[in-house]
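Residue numbers (this note's numbering): 4 to 145.
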């Protein structure tokens with residue numbers, strides 16, 4: 004009886020050892036895998052197994068990396084445009100304002116010098132002057 008009990012105990016110990024060594028970890032692994040599949044499904048990641056989910060995650064990471072590179076490039080372009088706008092405001096617009104003021108001064112000088120108020124009056128006087136000059140040339144040419 005003792006040997007039968009000892010043999011049964013050994014068999015029970017071996018069965019428990021086999022169960023905890025090989026069967027239980029497989030069950031935990033399957034449970035973990037099912038949790039991963041469920042979470043992936045909740046996140047909208049398609050796949051029937053871990054390898055397919057890993058592949059989808061890899062694709063997502065590659066796409067994310069491409070998007071990050073585009074963002075970096077766009078930020079660089081934005082910085083360039085900001086610098087260009089600053090340059091326009093600080094330098095070119097001031098130069099244009101100065102040229103505009105110079106042009107307005109020149110117009111005022113012409114108005115005062117030739118006593119005209121509009122561009123049409125100035126053009127008429129200019130045409131008249133050209134006719135007089137031509138008449139003088141013709142008179143001296145003869």
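Note that the Cβ used here is the ideal one computed from N, Cα and C, for glycine as well.
Cutting at 8 Å between CB atoms, please list the residues of its own chain near residue i, excluding the five before and the five after it.
i: residue 106; result: none
i: residue 108; result: none
By the three-class DSSP mapping on this structure, what secondary structure does residue i have?
i: residue 4; result: For residue 4, the predicted structure reports a pLDDT of 46, less than 50, and the residue's modelled location is therefore unreliable. The matter cannot be settled from this model.
i: residue 64; result: helix
i: residue 106; result: helix
i: residue 39; result: helix
i: residue 59; result: helix
i: residue 52; result: coil
i: residue 118; result: coil
Ignore the nearest five residues each way along the sequence and tell me which others in residue i's own chain have a CB closer than 6 Å to its CB.
i: residue 8; result: Interpretation of residue 8 is limited by its pLDDT of 45, a score under 50 that renders its predicted location unreliable; the figure taken from the coordinates is listed afterwards. Within the same chain, residue 8 has no close Cβ partners at all.
i: residue 59; result: 48 and 50
i: residue 132; result: none
Go to residue i, then tell me how far its alpha helix (DSSP H) extends in each direction, as first and last residue.
i: residue 46; result: Counting along the chain, residue 46 falls outside any alpha helix (DSSP H), and DSSP gives it neither H nor E.
i: residue 126; result: 122-144
If I measure Cβ to Cβ from residue i and keep anything under 7 Å in the same chain, skipping five residues before and after, which residues do I get?
i: residue 134; result: none
Original post:
Is it true that the stretch 95-105 meets the stretch 73-81, where meeting means three or more beta-carbon pairs spaced less than 8 Å apart?
Top reply: no
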